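K.L.:
Mind looking over this structure? Questions follow.
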Amino acid sequence: TDQTRFVPGAEEYIIESFDWCGIQFDEGVTKGGPFGPYKQSERKAIYREFAEKLVADGSAYYAFDTAEELAALRKRYEAGKKTFTYNAAERSRLKNSLTLSEKETLALLQAETPYVIRFKMPESRLVKMTDLIRGEVEVQTSVLDDKILFKSDGMPTYHLANVVDDHLMKISHVIRGEEWLPSLPLHVLLYEAFGWEAPQFAHLPLLLKPDGKGKLSKRDGDRLGFPVFPLQWTDPKTKETTRGYREEGYFPEAFVNMLALLGWNPGDEREIFSLDEMAQIFSLDRVGKSGSRFDPEKAKWFNHQYMLRKSNEELAGLFMPILREKGIIADPDFVGKVVALVKERAHFVHELWEQAGFFFKAPESYDPKAVKKRWKQASYDQMTELKALLAGVEDFSSENTETVVKKWIEEKEYGMGAVLNAFRLLIVGALKGPHLFDIIALIGQEETLRRLERGLHELGRKE
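Per the working numbering, the very first residue in the sequence shown carries number -8; after that it's consecutive.
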């Protein structure tokens, strides 16, 4: 409704965001439906008709005050340390259809003098309302101003448009952020003025900064290093790009699950729900009144939970394009087995490479800190013996090689930790990764021996 705030591409962005989240709307700009048109810019004639109805029955009026006149009036009030409000107390001293004669008003309209249509707020009345989250709310109209309903540019304000649209489109529940709660008295009075039954209202608590101090903003995400938008967005004016959850590697179902639990809880300890499950059990009764603090680490936790719940085959399919970008063509079955070993350690698919790269490429270097700490004087001879031992193992399964190697270590009276850490260093290049014997079973005997040979050559004897 505010043409100055129109952003090219925003409509398409919102629709794409819903599609990514798996949330399909029943009717709207791309689907049509019985209550169209669905763009407010295409409904201007509808809004004007209803605004004129309010003027005709005395619930609203034409106001011809110019922006310059009102600005001067505000400045004069400020000089007297007062605040100007266009309300019941002031309207009788201003240029509007309530103070002008019918003839004067008609003359201004015929001369196409710019005007707005303002709601005529009752002078002194207690408005009682029910909010599904806040409960009973009461407001005295004497503290409210005469809000603009229809602007001089021919567009309605949100106040008029949302009431008219919600009524004509048979909306049963209006659910919005708590910043709109102060507007509720006006909206309730508008429904009353039109003679319509009002829908039920629910004003959701705000999402707060990670420290709980203030409303979450895009700047907080930029400053602290987490996204606040579902998809990446490039501002068409500034060309500034803001990161999105999709581009950061979040699964859409994890994103939706995380969002649902910000301000709402199911009444038990469970936290993971499918979209269908949430649709079945969600209730506004369990939405809290207080703002919900956003925790970026908890968001990662949700994605990790969905990583663990996905099949190895699905994750392998998502991981393989990353491998191809690195010039690695791998068998899907092998990739699935790798994923099974490392997905516990990754929050995102793109982190699988960091956890599993050594399965696909032998180490070209060795972590200096690990070498300094774990490559001892005895390591070269021990690894040489181990290489010969493994070369003779026929059953190279994880369970069997572990039994053989640990038995050998015990018989030789070597330190278990010293040998296995040096062994891992030569196989992986660092002291990380899943169970060592699962690793060598998967890369195979030939590759294991090759890595031992190269590691012995690279690290040599420690002087």
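We treat Cβ as the ideally placed atom computed from N, Cα and C, and that holds for glycine.
A quick note: this is a predicted structure, and the numbers were derived from the prediction, not measured.
1) For the alpha helix (DSSP H) containing Q271, list its first residue and its last residue.
2) Along the chain, where does the beta strand (DSSP E) that runs through Y53 open and close?
3) Is there contact between the region 311 to 321 and the region 287 to 295, where contact requires at least three CB pairs shorter than 8 angstroms?
4) Would a check of beta-carbon distances place E93 closer than 7 angstroms to chain D?
5) If you follow the beta strand (DSSP E) that T121 is in, where does it begin and where does it stop?
6) Of all the options V46, Q191, T21 and S174, which has the alpha carbon lying nearest to the alpha carbon of F185?
7) Could I get the ranges of all uninterrupted alpha helix (DSSP H) runs contained in the region 71 to 108, with 4 residues as the minimum, in chain order?
8) Tell me whether E3 sits in a helix, a strand or coil according to DSSP, three-state version.
9) Should K138 be labelled buried (16 or more other beta-carbon atoms within 10 Å of its own) or exposed?
10) Can you list, in chain order, the residues of its chain whose CB lies under 6 angstroms from that of E59, leaving out five sequence neighbours each side?
11) Give the C-beta separation of V107 and P176 to the nearest angstrom, bearing in mind that I take them to be a contact with Cβ-Cβ under 8 angstroms.
12) Just to confirm my understanding: we take W399, look at its own chain, exclude 5 residues before and 5 after, and list those with CB closer than 7 angstroms. What are they?
13) Report the rounded CA-to-CA distance for W187 versus H178, giving the unit in angstroms.
14) For the pair the region 226 to 242 and the region 332 to 352, tell me if three or more CB-CB distances fall below 8 angstroms.
15) Does the region 340 to 359 come into contact with the region 414 to 434, if we say contact requires no fewer than three beta-carbon pairs (one atom in each stretch) closer than 8 angstroms?
16) Which runs of the beta strand (DSSP E) at least 3 residues long sit entirely within the region 134 to 162? Give them in chain order.
17) Less than 7 angstroms between the C-beta atoms of S370 and A432, yes or no?
18) I'd like to know if the region 204 to 211 and the region 254 to 271 are in contact, where contact means that at least 3 CB-CB pairs between them fall below 8 angstroms.
19) In whole angstroms, what is the alpha-carbon distance linking K72 and V118?
20) K142 to A42, Cα distance in whole Å?
21) Please say whether R365 and A307 have beta carbons closer to each other than 7 angstroms?
22) DSSP three-state label for T57, please.
23) Roughly how many angstroms lie between the CA atoms of A382 and Q373, to the nearest whole one?
24) Does the distance from the CB of A51 to the CB of K111 come in under 7 angstroms?
25) Counting Cβ pairs, one atom from each stretch, are 3 or more of them under 8 angstroms apart for the region 263 to 283 and the region 209 to 218?
26) Quick check: what's the CA-CA separation for K30 versus G348?
P.N.:
Based on what the coordinates show:
1) From DSSP, the alpha helix (DSSP H) with Q271 extends over L266 to I272.
2) Here the beta strand (DSSP E) through Y53 covers A51 to A54.
3) Taking 8 angstroms as the limit for Cβ pairs, the verdict is that the region 287 to 295 does not touch the region 311 to 321.
4) The chain labelled as chain D is not found in the depicted structure, where only one protein chain is given.
5) Boundaries of the beta strand (DSSP E) around T121: L117 to D122.
6) Closest by alpha carbon: V46.
7) Unbroken alpha helix (DSSP H) stretches of 4 residues or longer found wholly inside the region 71 to 108: 93 to 101, given in chain order.
8) Three-state result, E3: helix.
9) So K138 counts as buried.
10) Taken in chain order, the list of residues that qualify is empty.
11) Taking 8 angstroms as the upper bound for CB-CB distance, V107 and P176 are not in contact here, some 20 angstroms apart.
12) Non-local C-beta neighbours of W399 in its own chain, meaning closer than 7 angstroms and more than five positions away in sequence, comprise L380, ordered along the chain.
13) So the alpha carbons of these two residues sit roughly 11 angstroms apart.
14) Yes: the two stretches touch, three or more of their Cβ pairs being nearer than 8 angstroms.
15) The region 340 to 359 vs the region 414 to 434: in contact.
16) Listed in chain order, the complete beta strand (DSSP E) runs (minimum 3 residues) inside the region 134 to 162 are 139 to 141.
17) The Cβ atoms of S370 and A432 lie no closer than 7 angstroms to each other.
18) With the cut-off at 8 angstroms, the region 204 to 211 and the region 254 to 271 do not touch.
19) Each residue's alpha carbon lies about 29 angstroms from the other.
20) The straight-line gap from Cα to Cα measures roughly 10 angstroms.
21) It is not a contact, given that the beta carbons lie outside the stated cut-off.
22) Three-state result, T57: coil.
23) In this structure, the straight-line span from the alpha carbon of A382 to that of Q373 is close to 14 angstroms.
24) Yes, these two residues count as a Cβ contact at 7 angstroms.
25) Per the Cβ contact rule, the region 263 to 283 is not in contact with the region 209 to 218 (fewer than 3 Cβ pairs under 8 angstroms).
26) Approximately 50 angstroms, taken between the alpha carbons.
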